[in-house]
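Engineer:
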């Protein structure tokens, strides 16, 4: 598709965004950041060159919007292959599919993320609530506005850090670049953009939401694993230590001998069921992070 040569940076970026239509929002954010950073650097080095002439040169060196979009689409294929877990032979039976989750690295990574979600959720919640409280409480003072701006800047940095955690552990493509903020904008305009960026408030909501989610993830995972291991190992533990399934003071309760094999099987099924649950939680968490932390417009 032949497009007219862009006459401004904004027009170049609009054409690049159109050429990347339908791609992952994280990919679009990265591509737009790289392009805008390169274009503004070229304009700063050649301030006296007419914009149309300079953009024509850039289209030959850096690439026209359609060409740049094609390069990013090709690279994204490689990225998606790296994020995708190695393909396993299809399970021949439902039973093999159920127990085959133990060979899925993404299930193990999701379980670890559910454990990690509690400390990170506590940190995110504390940082968000403390920052908002201090910012609102001191907004009437001279130091209030700079403190608020600094706090919101850290929120954007946290969104990138969380994005990297999500991508590495859950396999959801997240941005590697922030949304570009032109360096030559007046200070008040840049502050205004920080406050009006929907991603700022989406990240704050995500940070607050991570505390209840982290508590829920951690509790469900630890409870499920503990019960599964207790049911599966209880007959062996009782044999060596005398501890039963339920111990109240000196009263020890054990399942009848004929029921213990079923108890062990149920515990084993519960453990594998928790791995399937963790993998599903990882997918949902990745979709939530993509919705709140990535600029889609």
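Residue numbers (our numbering): 1 to 297. Positions of the beta carbon are idealized from the N, C-alpha and C atoms, including for glycine. No experiment lies behind these values; they were computed from the predicted model shown.
(1) Beta-carbon within less than 6 angstroms of residue 169's beta-carbon, same chain only, minus the 5 sequence neighbours each way: which residues are those?
(2) Can you say whether residue 290 is buried or exposed, counting buried as having 16 or more other CB atoms within 10 angstroms of its CB?
(3) Enumerate in chain order the residues of its own chain whose CB-to-CB distance from residue 220 is below 7 angstroms, with the five nearest sequence positions on each side excluded.
(4) Tell whether a beta-carbon distance below 8 angstroms holds between residue 29 and residue 175.
(5) Whose C-alpha, out of 76, 218, 154 and 115, is nearest the C-alpha of residue 22?
(6) Under a three-way DSSP split, which group does residue 280 fall into?
(7) Taking 8 angstroms as the cut-off, does the stretch 261–270 touch the stretch 218–232 (at least 3 CB pairs, one atom from each stretch)?
(8) Measuring straight from C-alpha to C-alpha, what distance separates residue 132 and residue 148?
(9) State yes or no: is the C-beta of residue 117 within less than 8 angstroms of the C-beta of residue 214?
(10) For residue 97 versus residue 293, is the C-beta distance shorter than 8 angstroms?
(11) Less than 8 angstroms between the beta carbons of residue 165 and residue 172, yes or no?
(12) Cβ of residue 12 within 8 angstroms of Cβ of residue 65?
(13) What first and last residue would you give for the alpha helix (DSSP H) that runs through residue 113?
(14) Which two residues bound the contiguous alpha helix (DSSP H) that contains residue 24?
(15) Hey, quick one: how far does the alpha helix (DSSP H) through residue 156 stretch, first residue to last?
(16) Only counting the same chain, and skipping five residues up and downstream in sequence, which positions put a Cβ closer than 8 angstroms to that of residue 153?
(17) Within the continuous alpha helix (DSSP H) that includes residue 18, where are the two ends?
(18) How is residue 197 classed by DSSP in three states: helix, strand or coil?
(19) Would DSSP call residue 203 helix, strand or coil?
Structural biologist: So, to answer that:
(1) For this step, residue 169 is matched to residue 169 along the chain shown. Excluding the 5 residues flanking it on each side, residue 169 has same chain C-beta neighbours closer than 6 angstroms at 109 and 113, in chain order.
(2) Counting from one through the chain shown, the residue named residue 290 turns up at place 290. Residue 290 should be labelled buried.
(3) As a position in the chain shown, residue 220 is number 220, starting the count at 1. Counting only residues of its own chain and dropping the five nearest sequence neighbours on each side, residue 220 has no CB closer than 7 angstroms to any other CB.
(4) Residue mapping note: residue 29 aligns to position 29 of the chain shown, counting from 1. Residue mapping note: residue 175 aligns to position 175 of the chain shown, counting from 1. For residue 29 and residue 175, yes; Cβs fall inside 8 angstroms.
(5) The residue labelled residue 22 in the question sits at position 22 within the chain shown. Restricting attention to 76, 218, 154 and 115, the CA atom closest to the CA of residue 22 is found in 76.
(6) Residue numbering aside, residue 280 sits at position 280 when the chain shown is read from its first letter. The answer is helix: DSSP assigns residue 280 an H, G or I state.
(7) Yes: at least three Cβ pairs fall under 8 angstroms.
(8) As a position in the chain shown, residue 132 is number 132, starting the count at 1. As a position in the chain shown, residue 148 is number 148, starting the count at 1. Distance between the alpha carbons of residue 132 and residue 148 is about 8 angstroms.
(9) Taking the chain shown and counting its residues from 1, the one referred to as residue 117 is at position 117. Taking the chain shown and counting its residues from 1, the one referred to as residue 214 is at position 214. It is a contact, given that the beta carbons lie within the stated cut-off.
(10) Along the chain shown, read from residue 1 onward, the residue named residue 97 stands at position 97. Along the chain shown, read from residue 1 onward, the residue named residue 293 stands at position 293. Contact: no.
(11) As a first step, residue 165 must be located in the chain shown, where it is residue number 165. As a first step, residue 172 must be located in the chain shown, where it is residue number 172. No. Outside cutoff.
(12) By one-based count along the chain shown, residue 12 stands at place 12. By one-based count along the chain shown, residue 65 stands at place 65. Yes. Within cutoff.
(13) Position 113 of the chain shown, counted from the first residue, corresponds to residue 113. Annotation: the continuous alpha helix (DSSP H) that includes residue 113 extends over 105–137.
(14) Reading the chain shown from its first residue, position 24 is the one you call residue 24. Careful: residue 24 lies outside any alpha helix (DSSP H) and carries neither H nor E.
(15) Mapped onto the chain shown, residue 156 falls at position 156. That run of the alpha helix (DSSP H) goes 144–170.
(16) The residue you call residue 153 lines up with position 153 of the chain shown. Cβ neighbours of residue 153 within its own chain (closer than 8 angstroms, five residues either side excluded): 194.
(17) On the chain shown, residue 18 is found 18 positions in, with the first residue counted as 1. It spans 9–19 - the alpha helix (DSSP H) in which residue 18 sits, taken as one unbroken run.
(18) Start at 1 with the first residue of the chain shown, and residue 197 comes out as number 197. Shown here, residue 197 sits in coil according to DSSP, grouped into three states, outside any helix or strand.
(19) In the chain shown, the residue the question calls residue 203 occupies position 203. The answer is helix: DSSP assigns residue 203 an H, G or I state.
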